[in-house]
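Enquirer: So that we are looking at the same thing, I have put the structure below in structure tokens.
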Amino acid sequence: AAGVIQSPRHLIKEKRETATLKCYPIPRHDTVYWYQQGPGQDPQFLISFYEKMQSDKGSIPDRFSAQQFSDYHSELNMSSLELGDSALYFCASSRGGAREQYFGPGTRLTVT
Amino acid sequence: GIQVEQSPPDLILQEGANSTLRCNFSDSVNNLQWFHQNPWGQLINLFYIPSGTKQNGRLSATTVATERYSLLYISSSQTTDSGVYFCAVELNRGSTLGRLYFGRGTQLTVWP
């Protein structure tokens with residue numbers, strides 16, 4: 328069965344650089360969620376989109392922005408990267424009123 | 020937000036042993052999911068279980084929503100069961116619909 332696809336899987340950036348993370352949800356899933364997991368931490372919700380509109384926003388820094396496109400894929404844009412942004416970034420998707428979220432393999436971002 | 024507490028924080032078992040992981044939550048929820056995070060960081064869906072009991076092979080889970088807790092049972096544990104087990108819930112309230120709140124996880128180590 329198709330799963331959530333995230334790219335890239337690993338990313339190394341320097342401080343103050345910009346990064347773009349991509350997420351391709353499971354086919355026919357219309358809702359996308361982004362989570363950030365710092366080292367030794369539990370995942371924290373960043374932002375979500377339903378039918379290409381932002382549906383919820385968590386503790387996402389102003390330096391980060393995201394959107395969902397017409398084909399339902401989503402991109403998380405991160406600017407002015409800081410050392411503290413080093414983390415595993417997960418995208419999850421769900422379908423319509425169904426509540427179960429399916430997680431992608433994550434993008435491991437390292438900021439040096 | 021909602022408080023999600025998992026216990027025990029760490030668990031060390033011999034292969035073949037059984038174990039029970041607990042998740043307590045402080046508010047009414049729409050959704051409860053159990054995940055296994057493997058050593059490579061991937062979050063694997065184990066159960067979507069807002070209420071009732073489910074079984075999948077050596078794993079089973081029970082959620083008693085009225086008493087605000089869920090249990091994950093692992094029987095005849097194997098070394099491949101090692102990793103962090105997360106409980107995550109979706110709050111049953113207004114604008115935060117959809118986002119998952121994670122517990123801090125139970126770190127399980129299974130020795131051969």
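Just so you know, the sequences run in chain order A and B.
Under this note's numbering, think of the first position of the first sequence as 328, with each following residue one higher.
Under this note's numbering, think of the first position of the second sequence as 20, with each following residue one higher.
Don't be surprised by glycine CBs; every beta carbon is placed ideally from N, CA and C.
(1) Spatial neighbours of B/T13 within its chain, please: CB distance less than 8 Å, with the 5 preceding and 5 following residues excluded, ordered by chain position.
(2) Check whether chain B comes within 8 Å of A/D383, counting only Cβ atoms and requiring the distance to be less than that.
(3) Which class does A/G411 belong to by DSSP, given the choice of helix, strand or coil?
(4) Using the beta-carbon of each residue, which ones in chain B are nearer than 9 Å to A/E427?
(5) Just tell me which of B/P69, B/L30, B/R112 and B/Q126 has its CA closest to the CA of B/N50.
(6) Could you check where the beta strand (DSSP E) with A/W361 kicks off and where it finishes?
(7) Count the other CB atoms within 10 Å of the CB of A/W361; is the residue buried (16 or more) or exposed (fewer)?
(8) From the beta carbon of B/F121, is the nearest beta carbon of chain A less than 8 Å away?
(9) Enumerate in chain order the residues of its own chain whose CB-to-CB distance from A/E441 is below 6 Å, with the five nearest sequence positions on each side excluded.
(10) Who does B/D29 pair with in a DSSP beta bridge?
(11) Closest Cβ-Cβ distance between A/T358 and chain B: below 8 Å?
Expert: On the basis of the coordinates in this document:
(1) No answer is possible for residue 13 of chain B: it lies beyond the span of chain B, which begins at 20 and ends at 131.
(2) The count along the first sequence starts at 1 and reaches residue 383 of chain A at position 56. Answer yes: the Cβ-Cβ gap between A/D383 and chain B drops below 8 Å somewhere.
(3) For the purposes of this step, residue 411 of chain A is taken as the residue at position 84 of the first sequence. Helix, per DSSP.
(4) Translated into positions along the first sequence, residue 427 of chain A becomes position 100. Those within 9 Å of A/E427 in chain B are N50, Q52, N64 and Y67.
(5) For this step, residue 50 of chain B is matched to residue 31 along the second sequence. With respect to the C-alpha of B/N50, the residue from B/P69, B/L30, B/R112 and B/Q126 having the closest C-alpha is B/P69.
(6) Start at 1 with the first residue of the first sequence, and residue 361 of chain A comes out as number 34. Start and end: T358 to Q364.
(7) In the first sequence, counting from the first residue as 1, residue 361 of chain A sits at position 34. Result: buried.
(8) As a working note, residue 121 of chain B is residue 102 in the second sequence. So, interface residue.
(9) There is no way to answer for residue 441 of chain A, as the model of chain A reaches only from 328 to 439.
(10) Stepping through the second sequence from its first residue, residue 29 of chain B is reached at position 10. Its beta-bridge partners are B/Q126.
(11) Numbered from its first residue, the first sequence carries residue 358 of chain A at position 31. Answer yes: the Cβ-Cβ gap between A/T358 and chain B drops below 8 Å somewhere.
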